[in-house]
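Scroll down for the structure; my scribbles are underneath it.
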Amino acid sequence: MLYCAPYFPYEDLAEPHLGLCNSIVQAIKDLGYTAPTPIQKKAIPIILSGKDLIATAQTGTGKTAAFVLPVLEIFNKERKLRGKRIRALILTPTRELSIQVAANITEYSKLKFPRNSSSDHA
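Residue 7 is where the sequence shown starts when you use our numbering, and the numbers rise one by one after that.
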């Protein structure tokens, strides 16, 4: 099981708490993010609460990060759920958008999460 440090907001940006763990926030800052976009501010807490969400926003507003980052957070918290692998299904309207989303997911999936040494042996 993975362990993420306690939650904190984008402290130097005075942004509201989004519910992403310390490691994810630092990793996305390392990727060049400076502040969550409006769609991310609204979507991330909703997705983390387990609710369904349908949202629209203009191109380039951070929609992919708005749904991928909370999914990674959930994967990080619940690596295994009752012995079943956690999965996500992401649908896109075009092949080109699928390729773009897949590339973003690959980039975000490279985020490093600290391991909880006590659970590494479980």
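Positions of the beta carbon are idealized from the N, C-alpha and C atoms, including for glycine.
Where residue i falls, given that 16 or more other Cβ within 10 Å makes a residue buried
| i | result |
| --- | --- |
| Asn3 | The chain is shown only over 7 to 128; residue 3 falls outside these bounds and no answer can be derived. |
| Ile34 | buried |
| Ile60 | exposed |
| Pro42 | buried |
Selected residue, minimal CA-CA separation from residue i, among the options
| i | options | result |
| --- | --- | --- |
| Thr65 | Ile111, Ile96, Thr112, Val107 | Val107 |
| Asp58 | Ala94, Gln32, Ser29, Glu102 | Ala94 |
| Gly25 | Ser115, Ile52, Thr43, Thr40 | Ile52 |
| Ile48 | Ile30, Asp36, Gly68 | Per the sequence presented here, residue 48 reads as Lys, with Ile not at that position. Checked all of Ile30, Asp36, Gly68; the closest Cα to Lys48 is Gly68. |
| Leu54 | Pro76, Glu113, Ile111 | Pro76 |
| Glu113 | Thr100, Ile96, Leu78 | Leu78 |
| Leu97 | Phe73, Lys116, Ser115 | Phe73 |
Collapsed DSSP secondary structure at residue i in the structure displayed
| i | result |
| --- | --- |
| Thr100 | coil |
| Ala94 | coil |
Problem set entry | alpha helix (DSSP H) segments (min. 4 residues) lying fully within the segment 25 to 86 | Within the segment 25 to 86, the complete alpha helix (DSSP H) runs of at least 4 residues are 28 to 36, 44 to 54, 69 to 83.
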